[in-house]
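Data first, discussion second: the structure below is written as structure tokens.
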Amino acid sequence: MLKIALLISLIVCALSLDEYDYDVSNTGAPVTTGGPTNPLSNSDGTPCNCNTATMWLDLILIADRSKSIGVGGLGSIGTQLATNLYGINIAQSGADYYTRVGLIVFSSDVQVIGGLNKYNSYNDLTNDLLNLESYHKADDNVVDIYAALKSAQDMFQTQAANNANRNARQVVL
């Protein structure tokens, strides 16, 4: 799981390199001579933007809990998600920018651990993420991703409607 996350990060970084001009004439090492040539490269949602203080999302995390994930796998996923979400303002209201998070696990059935209205802080979310292994179904061979994505869609429709003025981007991970 960590290898996949690192690979994705490397690909995103490599793809963003073509936005810079390099001067290798003196030392042979690339030296940046200017900033991004694309004015949108610092916009929210682009690969170059890592400003967690201004994230404005409704984020639903979906994790496979079937036999295929293996013993300890769901716990590892929870730990990795907790690490990746560190520093993001998870809340229901208050600050100028905040992210609401929902948490779903699935196999032959779907279980909503927390809806978009549940988590008031990073610590609230982390408690459930670090307990994900307890939802593992070692005897369930079915992986019904369609049902999980349908549950996420339903969550967006019902819980975003309760907060219609929010106008946040909706993301499923």
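So the sequence shown is residues -16 to -1, 1 to 157, counted in mature numbering (1 follows the signal peptide of the UniProt record, and there is no 0). Don't be surprised by glycine CBs; every beta carbon is placed ideally from N, CA and C. These numbers come from a predicted model, not from an experiment.
Q) Is it right to say Gly86 is buried, meaning 16 or more other beta carbons lie within 10 angstroms of its own, or is it exposed? A) Indexing the sequence shown from 1 puts residue 86 at position 102. Answer is buried; the Cβ neighbour count reaches 16.
> If we call anything under 8 Å between Cβ atoms a contact, is Asp108 one with Ile97?
Replying inline: Numbered from its first residue, the sequence shown carries residue 108 at position 124. Numbered from its first residue, the sequence shown carries residue 97 at position 113. Not closer than 8 Å, so no.
*Note down, in chain order, each residue of its chain lying with its Cβ closer than 8 Å to the Cβ of Ser118, except the 5 sequence neighbours on either side.*
Along the sequence shown, one-based indexing puts residue 118 at 134. Listed in chain order, the non-local C-beta contacts of Ser118 below 8 Å within the same chain number zero, local neighbours out to five positions each way being set aside.
DSSP three-state assignment for Gln154, whether helix, strand or coil
Taking the sequence shown and counting its residues from 1, one reaches residue 154 at position 170. Note: Gln154 maps to strand in three-state DSSP.
Secondary structure of Gln95, DSSP reduced to three states:
Your numbering for residue 95 matches position 111 in the sequence shown. Here Gln95 sits in strand by DSSP.
Measuring only the C-alpha atoms, how far is Ala132 from Thr142?
Within the sequence shown, the letter at position 148 stands for residue 132. Within the sequence shown, the letter at position 158 stands for residue 142. Going from the Cα of Ala132 to the Cα of Thr142 covers about 15 Å.
Exercise. Check each candidate in Gly54, Ser60, Thr67 and name the one with the smallest Cα separation from Asp123.
Key: Your numbering for residue 123 matches position 139 in the sequence shown. The shortest C-alpha separation from Asp123 is found at Gly54.
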